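Have a look at the structure below before the remarks.
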Amino acid sequence: MTGVIGSAEVAQRVLALRRGRRPFLIGLTGAVAAGKSTLAASLAEDFRAQRLGVEVTASDGFLRPNAELDAAGLTRRKGYPETYDAAALAAALEAIRIGPATFPAYSHVAYDVDPSLARTLSPPDILVIEGLGLSHRTPLDLLIFLDAEESDLEVWFVQRFLGLWRDGRHDPASFYARFASLDEAGAVALAQSVWSGINLPNLRENIAPLREVSDLVIHKRADHAIVSVRPGLGSRLGEPTAFR
């Protein structure tokens, strides 16, 4: 594929693979700050335009609470596979195939799982779960990998960090209030340090390898436009040539 591809076109290609399955469980993964939440929301709207019932949730809710991570010495590895409760995630996905299931949620303001945000969902036509902690072993019908160049991902991560820092530095309830003494240059330096010390190693070691075992790989350029959609090498799709 060449040129820019809209989310509606991606949605149509995904729906062609649904083949009547209900609920159809779609996982959307990729690097931190790749735009997974934004794409998930766009696809959901495209699916709803087809009069399908859609729910969107995030795997962040299955992160282990900060207290557990602290006790295990895993605080600085948040987002790595071992910081997720993979068994609970799998159980929730299996449960929603046959009835209501509860999906916990994460607060990026508090930087922790927030029990008050948990939702109990009934089986929809389509469930989209986005985030890290997903893999080809997660019980999904389709795994999508959102791809971009490392340099673009770093820029997007720093931009997102700055947005959270500006919104939260004067909010005592925000995790980012602890960085209130930083000026913008200091906040940028901190974000770059987090990227290079935590997120980039996680990307290279644990996230990027999913690119080729996913069913679909969506590539974005620096302006967030989607420019290609292709099957991963481990695709479970019956007709992968339709995506080339």
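Here the working numbering runs 9 ahead of the position in the sequence shown, where the first position is 1. Cβ atoms here follow ideal geometry from the backbone N, Cα and C, with glycine treated the same way. Here the structure is a predicted model, which means the values were calculated and not measured.
Report the rounded CA-to-CA distance for A114 versus V65, giving the unit in angstroms. Your numbering for residue 114 matches position 105 in the sequence shown. Your numbering for residue 65 matches position 56 in the sequence shown. Whole-angstrom Cα-Cα distance: 11 Å.
Check whether the segment 27-41 touches the segment 129-146, taking contact to mean three or more Cβ pairs, one atom from each stretch, closer than 8 Å. yes
Residue span of the alpha helix (DSSP H) that contains V164, given as start and end: Position 155 of the sequence shown, counting from 1, holds the residue named residue 164. Note, V164: alpha helix (DSSP H), E159 to G177.
A100: first and last residue of the uninterrupted beta strand (DSSP E) it sits in: As a working note, residue 100 is residue 91 in the sequence shown. Careful: A100 lies outside any beta strand (DSSP E), inside the alpha helix (DSSP H) at A95 to I105.
Sub-9 Å separation of I235 and G70 beta-carbons: Within the sequence shown, residue 235 is the residue found at index 226, counting from 1. Within the sequence shown, residue 70 is the residue found at index 61, counting from 1. Going by C-beta atoms, I235 is not nearer than 9 Å to G70.
Starting from S202, follow the alpha helix (DSSP H) in both directions and report where the run begins and ends. Stepping through the sequence shown from its first residue, residue 202 is reached at position 193. Looking at the DSSP string, the run of the alpha helix (DSSP H) that includes S202 is E193 to V203.
Is the segment 101-117 close to the segment 73-90, with three or more CB pairs under 8 Å? no
Can you have a look at R253 and say buried or exposed, based on whether 16 or more other CB atoms are within 10 angstroms of its CB? Locating residue 253 in the sequence shown gives position 244, counting from the first residue. Since pLDDT at R253 reaches only 26, below the 50 mark, its modelled position is unreliable, and the value read off the structure follows with that caveat. Result: exposed.
Assuming H117 contacts L173 under a Cβ cut-off of 8 Å, what Cβ separation, rounded to an integer in Å, is found between them? By one-based count along the sequence shown, residue 117 stands at place 108. By one-based count along the sequence shown, residue 173 stands at place 164. So it is a contact: roughly 7 Å between Cβ atoms.
Would you call T92 buried or exposed, if buried means 16 or more other Cβ atoms sit within 10 Å of its Cβ? Translated into the one-based positions of the sequence shown, residue 92 becomes position 83. Buried is the call here.
For Y89, does the three-state DSSP call read helix, strand or coil? As a working note, residue 89 is residue 80 in the sequence shown. In this structure, Y89 counts as coil in the three-state DSSP scheme.
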